[in-house]
Each structure stands twice: as structure tokens, then as C-alpha cells.
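First comes the structure, then the notes that go with it.
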């Protein structure tokens, strides 16, 4: 399906240059969770990422160390696997993402988004970058973004001395 991407990538020696599209397949499954299962399931997954609870704005966490308070959303990564927790109409849903590289199904791009500090005051640095792998899929003759998985927390993007 992505033969023309593969030929482009083979013609040019991009190596592991940041931002260069890669080929792969993103598999997604999901499960509905009772509120009491949420923290247990995320602790069992482990990894690193961020979580937002009813009493705390998004903060960086280690999955195994999550507080037992009610969570509204979270994203954790462990290697080629990620989990994303969302509160939807029917309750909590946990999405499981697994990437398989070098497969001709999706074209994968890296995206980064600035994240405000854990105190919720977006005026105070440092801001961190949340990193995502976005899978594009060919539909009706066009490549379109299909899904994105959390891949980690990047570097600080705003330092105290840079902020006015």
C-alpha cells in the first residue's frame, strides 16, 4: 500500500533523522473499565507519561506510582506500546496501542505538543513536549491522519530565563 513511501525512503538516506516519515502498522484495541479498575490497570501497565485527575491538572507520572484518586485521562508509554485513558459517555475506556515498524500499512510521523506545568499555571516554565506517533492511512485515494499514540515526554521548551 505504501510502496511509493518505501521507495522514497530507500532513495534518500534519512537515517534516524527526526521528523522523517516511517512505515509501520498501528494496532488499537480498547476495553471498558469500572472506576475501581482504572488505577489498577494503569499501574499494571507501568511505563511513563501523564495523568489528569479530578483534583490535579495534567502532571508527569510513572504508571506504577499513580495515586488512587479518580482519573479523568492519562497516557502512558512502555516501548512500542501505549495506553490512553478517556472518560466517555459510557464511563472509562482504556485504549491499547501497539506499533509494528517496517510494515507497509501506515505512514508514521512524529508530532510534539507543548504541555503546561503540573501546577496548571501556563505562564510558568518549564513547559515539556508531549510526543506522539501519528499514523496516516490511505482512504479513498488520499492519505489522512488516522490515529495517534503517545510516545513520551520530550525536552523542556521554555526555560525561566526565556519567559517574559
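Numbering (this note's numbering), first residue to last: 7 to 170. By construction, the Cβ of each residue, glycine as well, lies at the ideal position given by its N, Cα and C atoms. Quantities reported herein were computed from a predicted structural model and do not represent experimental measurements.
- Inside the region 30 to 73, DSSP marks whole alpha helix (DSSP H) runs of 4 or more residues at positions 41 to 51, from first to last along the chain.
- Two segments are said to touch when three or more pairs of C-beta atoms, one from each, lie closer than 8 Å; by this definition the region 110 to 122 does not touch the region 90 to 102.
- In the three-state reduction of the DSSP assignment, residue 27 falls in the coil class.
- In the three-state reduction of the DSSP assignment, residue 89 falls in the strand class.
- In the DSSP assignment, residue 83 falls within the beta strand (DSSP E) that extends over 77 to 84.
- The Cβ neighbour count for residue 148, taken over all protein chains shown within 10 Å, is under 16; the residue is labelled exposed.
- In the structure shown, residue 140 adopts extended strand secondary structure according to DSSP, grouped into three states.
- Nearest neighbour of residue 62 by Cα position, chosen from 69, 144 and 76, turns out to be 76.
- A buried status is given to residue 157, since no fewer than 16 other beta-carbon atoms sit within 10 Å of its beta-carbon.
- CA-CA distance, residue 142 to residue 51, rounds to 26 Å.
- In this chain, residue 147 is not harboured by any beta strand (DSSP E), its DSSP state being neither H nor E.
- One thing to note: residue 32 has its Cβ no nearer than 8 Å to the Cβ of residue 150.
- No Cβ-Cβ contact shorter than 8 Å links residue 161 with residue 140.
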